[in-house]
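1 is the number of the first residue of the sequence shown in this note's numbering; add one for each residue after it.
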Amino acid sequence: MALRYGMLPSGDEPFVVTGMFTASHKAAAERLVASLRSFSLPHAIFEVPTVHRSISHKGSDDLAYTKPNFIWHVIQSAGRPILYVDVDCVVRKHPELIRDLASGGHDFAILNWLAQDRTDGYIPIPLPPAPGTQPHKPRFFRFSHQISFVAKDQLICSGGVQFWGRSPAATSLLSAWYATIVAQPGVADDQCLDFAFNNKVAELHGSLNPFWLPKNYLRLAWWIFEEPVIDHPEFPGADIGWATLRDPSGRLRFYPERATVRSTPPRVPPGCAVDTQTGNILKSDEGRLTCVGRVPEKIWLPA
């Protein structure tokens, strides 16, 4: 593991941004670093020879390159809280919230789908360009998916952005995450972190001080109604090919009986599309598009 891009902390920032990349992701890492430097954010971005297969199907069995092991080592060397960021992200605005978390004694923060007011995501409807014209950015988006449960004391995460403090409770959760990855070969590390948190939360109750990041701190491309602070400009790949988490003692990744069903409908109903230029909600009726409503929020298309 080699430090490739770094900027020392100043007295203003109580945290360090970190991430790791392989040679195949060098261009993405340089894009992230340029965005970090534009806000003078202290950072330590490392090039690694591989990542563990809990991160990528193409990864290796070397547990040194799991996220929890990497994060733990950076915390020890930095001597302060860290903000882990996947290198295919871009910082669009100064992440003021992270400064508050580091100064306020929080141990752990991540995007938790179960704690969001809305999770409805949208994907573009591909339309061929008119004859003689160049391809253009998609204009029409349709509803794709959402998580239909709400439970602010449980976790279903997207782990592209994570804040970790230096407390014993944070270290204990990192250790539980690492142990789950070891015990669950082939399972995605986000799912392992969900399992670790949801089955250790009682033990850590009163000592762990978590915080659930808003969606704009990991604005995935399908969240077109969120102005990004930390952006993931590309649509995430299909979540296929991972092993299913199975615990010998019968513990689950997530306990739906301890959650409630989300009652908020998606902004754009299934079967309809939103025109991102006008905000109109359109429905196809015998081949004709009919306006059936309008979304009041501003739309932020993936860059």
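We treat Cβ as the ideally placed atom computed from N, Cα and C, and that holds for glycine.
For residue j and residue i, believed in contact at Cβ under 8 angstroms, the rounded distance
i      : j      : result
Pro9   : Val229 : Contact flag wrong, Cβ pair sits at about 20 angstroms.
Thr50  : Thr18  : Not really, about 17 angstroms apart at Cβ, beyond 8 angstroms.
Met1   : His43  : Not a contact, Cβ separation roughly 15 angstroms.
Leu32  : Val90  : 6 angstroms
Asp190 : Gly165 : Incorrect: roughly 20 angstroms between the Cβ atoms, too far for contact.
Ala151 : Arg251 : 16 angstroms between Cβ atoms; not a contact.
Gly13  : Arg99  : Reading the sequence as shown, one finds Glu at residue 13 and not Gly. Glu13 to Arg99, Cβ: 7 angstroms. Contact.
Ile45  : Arg4   : 6 angstroms
Ile82  : Val16  : 5 angstroms
Lys26  : Gln116 : Wrong, their Cβ atoms sit about 33 angstroms apart, outside the cutoff.
Ser172 : Leu204 : 6 angstroms
Thr244 : Arg118 : The pair is not a contact, with the Cβ atoms about 28 angstroms apart (cut-off 8 angstroms).
Where residue i falls: helix, strand or coil (DSSP)
i      : result
His73  : helix
His57  : coil
Val33  : helix
Leu289 : strand
Leu41  : coil
Leu3   : strand
Own chain partners of residue i with C-beta closer than 7 angstroms, once the 5 adjacent residues on each side are dropped
i      : result
Ser330 : Outside the shown range of the chain, which is 1 to 303, sits residue 330, and nothing can be said about it.
Ile125 : Pro138, Phe140, Phe141, Arg142, Ala273
Ile156 : Asn112, Trp113, Leu114, Ile147, Asp194, Phe254
Pro266 : Asp120, Phe143, Gln146
Ala188 : Ser54, Trp242
Asn209 : Gly105, His106, Asp107
Leu213 : Ala109, Ile110, Leu111, Val161
Ser60  : Thr50, His52, Arg53
Ala196 : Leu173, Ala176, Trp177, Thr180
Leu97  : Tyr217
Phe385 : Residue 385 is absent from the model: the chain starts at 1 and stops at 303.
Residues near residue i by beta carbon distance below 6 angstroms, same chain, minus five either side
i      : result
Leu289 : Leu282
Pro302 : Ala221, Pro233
Asn280 : Cys291, Arg294
Phe235 : Ala221
Ala78  : Val16
Asp231 : Val90, Arg92, Arg219
Identity of the residue in the options nearest residue i by Cα
i      : options                        : result
Gly271 : Asp239, Ser284, Asn280, Asp62  : Ser284
Pro269 : Thr278, Ala243, Thr276, Gly293 : Gly293
Gln76  : His205, Glu203, Leu174, His25  : Leu174
Asn69  : Val182, Arg246, His205         : Val182
Ala238 : Ser144, Gln116, Ala109         : Ser144
Ser103 : Ser56, Gln184, Phe163, Pro214  : Phe163
Val85  : Arg118, Thr171, Leu218         : Leu218
Trp300 : Arg246, Thr180, Tyr178, Ile123 : Ile123
Gln154 : His136, Lys200, Val161         : Lys200
Ile224 : Lys58, Thr276, Ala202          : Thr276
Pro256 : Ala34, Leu245, Asn198          : Asn198
His57  : Ile240, Pro248, Asp247, Glu286 : Ile240
Asp62  : Gly186, Pro248, Thr264         : Gly186
Cys192 : Phe39, Lys67, Gly59, Ser60     : Lys67
Ala170 : Gln184, Phe39, Phe235, Ser207  : Ser207
Ala308 : Tyr178, Arg92, Ser24, Glu297   : Because the chain spans 1 through 303 in this model, residue 308 falls outside it and cannot be assessed.
Thr180 : Asp247, Asp231, Lys298         : Asp247
Glu297 : Glu286, Thr278, Phe235         : Thr278
8 angstroms CB neighbourhood of residue i in its chain, flanking five on each side removed
i      : result
Met20  : Met1, Ile45, Phe46, Glu47, Val48, Val51, Tyr65, Phe70, Val87
Phe211 : Leu101, His106, Phe108, Ala109, Phe163
Ala29  : Arg4, Tyr5, Gly19, Phe21, Ile45, Glu47, Val87
Arg80  : Pro9, Pro14, Phe15, Val16, Ala102, Arg166
Practice item. Mind listing, in chain order, the continuous beta strand (DSSP E) runs of no fewer than 3 residues lying wholly within the region 230 to 284? Key: 230 to 232, 272 to 275
Review point. Counting only runs that start and end within the region 68 to 155, where is the alpha helix (DSSP H) found for 4 or more residues in a row?
Key: 96 to 103
Practice item. Kindly provide the ranges of any alpha helix (DSSP H) runs that are 4 or more residues long and lie completely inside the region 151 to 220, ordered along the chain. Key: 168 to 183, 189 to 204
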